[in-house]
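Each position in the sequence shown, counted from 1, maps to that position plus 47 in the working numbering. For every residue, glycine included, the Cβ atom is placed at its ideal position computed from N, Cα and C. Bear in mind that the values here come from a model prediction, so they are computed numbers and not experimental data.
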Amino acid sequence: MALPFLPGNTFERKIGKDKFHLTHQFDKYNGVGMLTGNKLGVGGVPLAGEDLRPKNSVYPRGEGPDRPAWLAFDKQVLCFDAYFQESITERPQEQYRIRKCRVYFYPEDDTVQVVEQRQNNVGFPQGTILKRHRVPLPAPNDDRFYTYDQFNVGAEVSLYGRVYKLIDCDSFTRNFLTKLGVRVPPDPFLKHRQVADGTQNPLRPYERIDTLKQFINHDTHVLRFWGVWDDTESLYGDVRNFVINYFLADDTMEIREILPPNSGRDAPPTYLARNKLPKDFNGLRLPGENAPRTVLNVFGQLNKQRWILDNLKTGAIDQKYYTDQDLSIGQLINVYGRKVLLTDCDEFTKNYYRTKYGVQDFTPINYKKDNDYKTLKQSYPYTGFGSEEDSLNSTKKLLPEPVKKDFNKFMGFDR
């Protein structure tokens, strides 16, 4: 019970004091002048409800950085993976919901930010749950704020009544806390999950086909060769000229035909569409016979199908295709049964083979075959019927015609 404010009941608080100055608002921390947050009363007496400034810092004297926290920890963020449990009262199908988020702690000013990981079609707002600011500790310590030592893997942090379970952190956060002497334990659930996953690894894992690196390194790189196909042995055959384009991005080939003027042939856009060219062609394969993976079985409902892949590759066909190592000037390639001779290449192709394989000889092959020969008319022997002129004239046409005589020549020479 307080005494009444009457003469004789009051006490002189200034007895024995010699400091009556007002408190200054600026101070020096680590050699940097700045505005102080706490202001004491007259003579340095703390006001009601005010905390005294601690005399010791986190670092021992003589150790750690001499710069202020806002400069020493600039652009440094501690990231924790966390979740919290939200009670659901309006739906009988679920009693609670687990929401995953990330807790960011900024050591430069001891601020905290909570961001929820976005998911598609969840039905509730997502994103930033708690904006970046200094968060007070739960009561009865609500006059203080969170610092780095309250955050650790496995700890539970109460931010404005919502409890967040910290389950993991990134490598920077782990190293940061370890240097400060805070032991960061591993996530027990993830450790148990790694042990369980290690026992479930298949003895023969699926073959991984990764061609992204080859595509990135050799995109738009094309090897160009010129070639000929000698088809003169077949009926009405001749020498066909081609341009062979080999794409280094995916090891595919494309063949275009060079048609001379007035050749009488149709000019399609490509003679062979871009695809991988097999070395040994033994007829067309059935659909799925030459697939990279064989499906053993498909089971399940219509909307939830499952399949099992054959790791042993039972009955798989070892089909070999042409690569850049198989192409060179003078090389014969099998284009689905047609023997095409490579005769020349462009400058980019020469530089490619010179740099990668050390090839120096790029002498072109001059392959020419005269197809514009004239067929000599054959003279048949005399049959004995009629005159020799009649017999010779009957071999020129299918229906024999009488010989047309030149009357002027007859009058001038046949006398």
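Taking C-alpha atoms, which residue in D257, A243 and L295 lies nearest to H268?
Considering only alpha carbons, the answer is L295.
Pull up the CB-CB distance for I376 and C392, whole angstroms please, since I reckon it's below 8 Å.
The pair is a contact, with the Cβ atoms about 6 Å apart (cut-off 8 Å).
By Cβ distance, which residues of its chain are closer than 7 Å to D157, with the 5 residues on each side in sequence left out?
Counting only Cβ-Cβ distances below 7 Å, and skipping sequence neighbours, we find R181, F192, Y193 and T194.
Could you tell me the distance, in whole angstroms, from the CA atom of I214 to the CA atom of D121?
Their Cα atoms are separated by approximately 25 Å.
Tell me whether the beta-carbon of Y464 lies closer than 7 Å to the beta-carbon of V124.
With the chain covering 48 to 462 only, the question about residue 464 has no answer from this structure.
Indicate whether G311 and I291 have their beta-carbon atoms separated by less than 7 Å.
No, they are not a contact pair.
Do R209 and G131 have their beta-carbon atoms positioned less than 7 Å apart in this structure?
A quick correction: the sequence has Phe, not Gly, at residue 131. Yes, Cβ-Cβ distance for F131 and R209 is below 7 Å.
With a Cβ-Cβ cutoff of 7 Å, do D365 and T341 count as a contact?
In this structure, T341 does not lie closer than 7 Å to D365 by Cβ.
Hey, could you find the ends of the alpha helix (DSSP H) S438 is sitting in?
Unbroken alpha helix (DSSP H) run through S438: E435 to N440.
Taking DSSP as the reference, what is the three-state secondary structure of S281?
In this structure, S281 counts as coil in the three-state DSSP scheme.
Assuming the contact rule is C-beta atoms closer than 8 Å, R287 and D278 should be a hit. Round their C-beta distance to whole Å, please.
With a Cβ gap of about 6 Å, R287 and D278 count as contacting.
Enumerate in chain order the residues of its own chain whose CB-to-CB distance from K147 is below 6 Å, with the five nearest sequence positions on each side excluded.
So the list reads Y130 and Q164, once near-sequence residues are dropped.
Assuming Y318 and R303 are in contact, meaning their beta carbons sit under 8 Å apart, how far apart are those beta carbons, in whole angstroms?
Y318 to R303, Cβ: 6 Å. Contact.
Could you give the first and the last residue of the continuous beta strand (DSSP E) run that contains T396?
Segment E394 to K403 is the alpha helix (DSSP H) holding T396; no beta strand (DSSP E) there.
For a test of the three-state rule: what should DSSP assign to N413, helix, strand or coil?
Here N413 sits in coil by DSSP.
Can you check which of these residues, P308, T370 and N337, is closest to Y293 by C-alpha distance?
The shortest Cα separation from Y293 among P308, T370 and N337 belongs to T370.
Can you tell me where the alpha helix (DSSP H) with S134 in it begins and where it stops?
Not the alpha helix (DSSP H): S134 falls in the beta strand (DSSP E), residues L125 to S134.
Between the alpha carbons of E301 and T396, how many angstroms are there, rounded?
About 15 Å.
Quick check: what's the CA-CA separation for I305 versus K456?
Distance between the alpha carbons of I305 and K456: 51 Å.
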